[in-house]
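Under our numbering, residues 137 to 495 are what the sequence shown spells out, in order.
Contents: one structure, followed by commentary.
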Amino acid sequence: MDVFDRLVGQEAAIATMRSHRTRPVHAYLFHGPAGSNVRDAMISFAAALQCPEGGCGSCDVCRRVLEGVEPDVVEAHRGGVTWLIEDIHEIERVARRKPLSCPYVVVVMNEVELTVLGASPSAPALLKTLEEPPRRTVFLLGVHDTPNDLATVLSRCVTIPLVGLRETDIARILMNEGVGADAAELSAAAANGDLERARLLASDPGVAERRALWSSVPERLNGTAAGAMALVDEVHRAIDAALVPLEERQATESRGRDSDASGGSRRGGAPKAEMERRHRREVRRARLEELRFGLVTLTRVYRDRMAELWGSPLDARTQQRLATYSDALGIVDEAFRRTTTTMDEVLLLSDLFLQLGRL
Ligand SMILES: [Zn+2]
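Next up, the structure:
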């Protein structure tokens with residue numbers, strides 16, 4: 137067992153990381169499709185660089201890096217929707233200090249593609265930071281896609297490509313871990329290629345319940361606004377309930393951090409605030425994934441209904457129903473697209489259920 141074990145399906149990337157852990161270059165760029173767990177790969181590599189055993193996964197250094205509380209591994213967080221120039225200056229400041237107890241200062245920066253956007257892109261500042269790296273600093277940069285504007289940043293890094301996990305891979309991994317076949321398939325389908333989320337779902341007995349709720353949506357919509365809004369309320373509360381395991385896990389982490397801090401060791405920086413920011417991001421993301429899980433479930437319900445009609449004679453009534461299901465799929469699809477731009481869950485659900493109710 138070592139820190140790379142959790143990166144299932146990433147054998148090529150792991151081989152590169154293993155070959156670099158004793159003599160790292162100053163910057164690595166991890167890239168892969170959504171769900172390829174770019175961040176996990178960077179954190180595992182950070183542990184491998186700092187651990188005296190090259191990433192044993194069980195020593196104090198590994199544990200601290202994996203929990204995000206090792207002061208010599210600094211995960212950068214952006215101040216805005218994109219990376220601001222001030223964020224990059226902060227990264228540069230951190231990168232210039234000497235390691236406290238580890239061999240390196242490892243700077244982890246995810247979503248680097250967001251340096252090329254906005255009114256004053258921060259990519260040039262980042263590039264400058266990468267040009268004159270301090271000797272004992274290693275940058276781990278992550279991107280989900282590589283826009284052309286990033287080519288110059290790319291040219292400064294060793295690239296580590298990651299592959300996206302397929303639904304069937306995730307289901308297989310979960311079954312290997314003792315999850316039943318049904319729960320494994322359902323969790324894998326709902327997790328959108330994200331193994332960690334699939335694990336969380338598989339340990340959540342409420343998944344089947346929430347799937348049943350979403351599947352009942354077409355019957356429950358009776359064409360009235362009041363009916364639609366009651367359903368919005370119910371789904372909203374189901375999403376709240378779905379977040380309980382994550383919130384419990386975060387509470388455990390916070391308690392662990394508090395007892396670490398009371399142990400008397402004062403470390404640089406203010407990782408507690410960073411942890412809290414990360415927790416808020418995790419919650420936002422989990423809500424979004426939960427909403428998408430519902431929309432995927434709803435899509436399947438309408439598709440199944442269409443499929444049931446395939447054998448029937450194509451009379452006027454069947455044609456009418458096919459057209460209705462097709463419209464419904466279009467509406468759900470549009471709602472799914474909106475999940476990438478809107479943060480307003482209630483508004484999105486209201487629009488969705490009101491429109492579906494009118495069909
Ligand atoms: Zn270790």
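The beta carbon of each residue, even a glycine, is placed where N, CA and C say it ideally should be.
query                                                                                                                                  : result
Identity of the residues DSSP links to residue 197 by a beta bridge                                                                    : DSSP output for residue 197 lists no bridge partner at all.
Buried versus exposed, by CB contacts within 10 Å (16 or more), residue 137                                                            : exposed
Length of the line joining the Cα atoms of residue 233 and residue 201                                                                 : 18 Å
Rounded straight-line distance, which links the Cα of residue 311 to that of residue 158                                               : 35 Å
First through last residue of the beta strand (DSSP E) which encompasses residue 178                                                   : Taken as a continuous stretch (DSSP letters only), residue 178 belongs to no beta strand (DSSP E), being part of the alpha helix (DSSP H) at 174-186.
Where residue 476 sits in the DSSP three-state scheme                                                                                  : coil
Buried or exposed (CB count within 10 angstroms, at least 16 for buried), residue 149                                                  : buried
Assigned secondary structure, residue 218 (DSSP; H/G/I helix, E/B strand, else coil)                                                   : coil
Alpha helix (DSSP H) segment containing residue 493, residue limits                                                                    : 481-494
Residue 349, DSSP secondary structure in three states                                                                                  : helix
Option in 178, 477, 433 with minimal Cα separation from residue 244                                                                    : 178
Proximity winner among 217, 230, 191, relative to residue 210 (alpha-carbon distances)                                                 : 230
Range covered by the beta strand (DSSP E) that runs through residue 519                                                                : This structure does not reach residue 519, given that the chain is present from 137 up to 495, and the question cannot be answered.
Per DSSP, the bridge partner or partners of residue 163                                                                                : 275
Any non-hydrogen atom of ligand 1 closer than 7 Å to residue 194 Cβ                                                                    : yes
Inter-residue Cα distance where the pair is residue 402 and residue 350                                                                : Note that residue 402 scores a pLDDT of 43, beneath 50, so its modelled location is shaky; the value from the coordinates is reported in the next line. Going by the C-alpha atoms only, they are around 48 Å apart.
Helix, strand or coil at residue 153 according to DSSP, with G and I counted as helix                                                  : helix
Exposure of residue 420, with buried meaning 16 or more beta-carbon neighbours within 10 Å                                             : exposed
Contacts around residue 356, its chain only, beta-carbon distance under 6 Å, and the 5 residues preceding and following it disregarded : 367
Cβ-Cβ distance between residue 454 and residue 445 below 8 Å                                                                           : yes
Segment contact, 8 Å Cβ cut-off, at least three pairs: the region 334-352 with the region 308-322                                      : yes
Identified DSSP bridge partners for residue 209                                                                                        : 242
C-alpha distance - residue 378 paired with residue 344, whole-angstrom precision                                                       : 11 Å
Pick from 326, 271, 470 that is closest to residue 342, judged by C-alpha positions                                                    : 326
Limits of the unbroken alpha helix (DSSP H) element including residue 312                                                              : 303-312
Opening and closing residue of the alpha helix (DSSP H) in which residue 289 lies                                                      : 287-290
Buried or exposed by the 16-neighbour rule on C-beta atoms within 10 Å, applied to residue 161                                         : exposed
Close-in-space but distant-in-sequence residues of the same chain around residue 273 (CB under 6 Å, 5 per side omitted)                : 231, 241
Neighbour-count burial assignment, residue 452, 16 or more Cβ in a 10 Å radius                                                         : exposed
Whole-number beta carbon distance between residue 166 and residue 296, since they are thought to touch under 8 Å                       : 5 Å
Sub-8 Å separation of residue 143 and residue 176 beta-carbons                                                                         : yes
Proximity winner among 271, 353, 474, 194, relative to residue 235 (alpha-carbon distances)                                            : 271
Residues near residue 399 by beta carbon distance below 8 Å, same chain, minus five either side                                        : With a pLDDT of only 47 at residue 399, under 50, the local geometry of the prediction cannot be trusted, and the value read off the model is given with reservation. For residue 399, where only same-chain residues beyond five positions count, there are no Cβ hits under 8 Å.
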